[in-house]
Amino acid sequence: MWQYFVEATAEIIEEEGINKITIRKVADKAGYNSATIYNYFSEISHLIFFAAMKFLKPYTDEVSTYMDKGNNPLEKYLLAWECFCKHSFQHPQIFHAVFIMDLGEQPENLLERYYQIYPEELITIPEELKPILFERNMSKRGRSYLELALKEGYIKEENIDAINEITILIWQGMFTNILNNRRQYTPEEAMQMTMNYITEIVRNQAVFNFG
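Start counting the sequence shown at 1; every next residue gets the next number (the UniProt record's numbering).
Here you go:
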């Protein structure tokens, strides 16, 4: 039953767009009444989140390929950002639903539940990446690879929190522009500009003193 509603929501996203989702539309497509949905989902944002996750697979499939090109944790960190920028700027509504939209209490549990229902989507994901993909919190996702870079001497300990925060803010600024049609950048232009800023900050972190 749970999956019927998620699949119905995913179909609406594909046919009409994520902004067109309503409980009534989902119920009609799934063949149940609206009240039944609330037996499985406490609010519509959770239903949208689970359905949006189904469109995230191209990103989760590609991120490990991107990171394999890196020779050290700092390069892998930048490549992970590049892949994330590429897909998030191509599909801003989907990434907003998964990573930014207010989901109420304990949003991290929703990711874990999704992969419990759809374990086949984890088959191609390397073990070392699974903890990151289970993490919805942007700050925690980025920090894990910066900590590896710290251990290998690629980044100063006193700068790790600031670098993590600055790179996220750079992405969020561009992402907000794309999501709200504030700038007429193509996804490729947005990715290139964002990665230029992120790369400059990360590569030159040694000259900063954020501590």
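The C-beta atom is built at its ideal place from N, Cα and C for all residues, glycine as well.
Span of the alpha helix (DSSP H), counted from its first residue to its last, around glutamine 94
This sequence places isoleucine at residue 94; glutamine is not what is there. Counting along the chain, isoleucine 94 sits inside the alpha helix (DSSP H) bounded by residues 92–99.
6 Å Cβ shell around lysine 86 - same chain, five flanking residues per side excluded
Non-local C-beta neighbours of lysine 86 in its own chain, meaning closer than 6 Å and more than five positions away in sequence, comprise Met191, ordered along the chain.
Determine the burial state of leucine 78: buried for a count of at least 16 other Cβ atoms within 10 Å of its Cβ, exposed for fewer.
Looking at its Cβ environment, which holds 16 or more other Cβ atoms inside 10 Å, leucine 78 is buried.
Verify whether the separation of the beta carbon atoms of leucine 146 and isoleucine 160 is less than 8 Å.
Contact flag set, yes.
Assigned exposure category for leucine 47 - 16 Cβ within 10 Å defines buried:
Its Cβ being crowded by 16 or more others within 10 Å, leucine 47 is buried.
Below 8 Å, can you find three or more Cβ-Cβ pairs linking the region 63–78 to the region 30–48?
In short, these stretches do not touch, since the Cβ pair count stays below three.
Threshold first: 3 residues or longer. Then list the beta strand (DSSP E) segments lying entirely within the UniProt DNA-binding region "H-T-H motif" (22–41), N to C.
Restricted to the UniProt DNA-binding region "H-T-H motif" (22–41), not a single beta strand (DSSP E) segment is unbroken, complete and at least 3 residues in length.
Using C-beta distances below 7 Å, list every residue in its chain close to asparagine 177, excluding the 5 sequence neighbours before and after it, in chain order.
So the qualifying residues of the chain are Arg183.
Please report how far the alpha carbon of asparagine 71 lies from the alpha carbon of tyrosine 154, in whole angstroms.
For asparagine 71 and tyrosine 154, the distance between alpha carbons rounds to 12 Å.
Alpha carbon to alpha carbon, what distance is there between tyrosine 59 and valine 6?
In this structure, the CA atom of valine 6 is about 19 Å from the CA atom of tyrosine 59.
Specify, as a first and last residue, the run of the alpha helix (DSSP H) that phenylalanine 199 falls within.
Reading off the sequence shown, one finds threonine at residue 199, where the question assumed phenylalanine. Its alpha helix (DSSP H) spans residues 187–203.
Out of Ile100, Glu152, Lys151, state which residue places its alpha-carbon closest to the alpha-carbon of glycine 173.
Per the Cα distances, Ile100.
For my contact list, methionine 138 and isoleucine 168 are in at a C-beta cut-off of 8 Å; report their separation, rounded to the angstrom.
Sure, about 5 Å apart at Cβ, within 8 Å.
Thinking just about the alpha-carbon of each residue, which of Thr186, Leu179, Ala97, Lys76 is nearest to the one in valine 202?
The shortest Cα separation from valine 202 among Thr186, Leu179, Ala97, Lys76 belongs to Lys76.
Relative to the alpha-carbon of phenylalanine 50, which residue among Gln116, Phe175, Lys156 has its alpha-carbon at the smallest distance?
Nearest C-alpha to phenylalanine 50 among Gln116, Phe175, Lys156: Gln116.
Would you kindly work out how many angstroms separate the C-alpha atoms of valine 207 and threonine 199, rounded to a whole number?
Whole-angstrom Cα-Cα distance: 14 Å.
Cβ distance (whole Å) where tyrosine 197 is taken to contact isoleucine 170 below 8 Å
The beta-carbon separation of tyrosine 197 and isoleucine 170, rounded to 5 Å, stays under the 8 Å limit for a contact.
Isoleucine 168, DSSP secondary structure in three states:
DSSP places isoleucine 168 in helix when its eight states are reduced to three.
Could you check which residue in Lys25, Lys54, Ser88 has the C-alpha nearest to that of phenylalanine 175?
Comparing Cα-Cα distances from phenylalanine 175 to each of Lys25, Lys54, Ser88, the minimum goes to Ser88.
Specify, as a first and last residue, the run of the alpha helix (DSSP H) that glutamine 116 falls within.
Unbroken alpha helix (DSSP H) run through glutamine 116: 108–117.
Boundaries of the alpha helix (DSSP H) in which phenylalanine 50 is found, first to last residue
Membership of phenylalanine 50 in the alpha helix (DSSP H) is indicated by the continuous run 44–53.
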